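The structure appears right after this line, and notes come after that.
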Amino acid sequence: MKVISFLKSVQRIIRISRKPNKTQIKLSLKISLLGLLVLGLSGYTIQLLATSLREYKLPPIPKEYLVYISVSMIVAILAILAYRTRKIT
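Residue numbers (our numbering): -12 to 76.
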């Protein structure tokens, strides 16, 4: 039963869909290449920073600071989740 309804929905999608024209293809290609460029540059920047920081010896971070940072991140995440699930009256 589910297979038949799935095949009908696939047939409907194929019937409705249209081939993109040249401008739509060019726009999709430009957007994809721009996203790839942004991801590549950000990855390269992070790698460059990590390599340069590896050479510079930083003092160890106190454990109390790590606990404070972890607790603040958890509180921020819980606040965001509570804000998203609130009821609007």
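Cβ coordinates follow ideal geometry from the N, Cα and C atoms, glycine included.
Since the structure is predicted, the reported quantities are computational estimates derived from the model, not experimental observations.
Residues near residue i by beta carbon distance below 8 Å, same chain, minus five either side
i: ILE1; result: none
DSSP-derived helix/strand/coil call for residue i
i: SER57; result: helix
i: ARG73; result: coil
i: TYR52; result: helix
i: LEU26; result: helix
i: LYS44; result: coil
i: ARG5; result: coil
Any C-beta of chain B under 8 Å from that of residue i
i: ALA63; result: Here chain B cannot be found, since the structure has a single protein chain.
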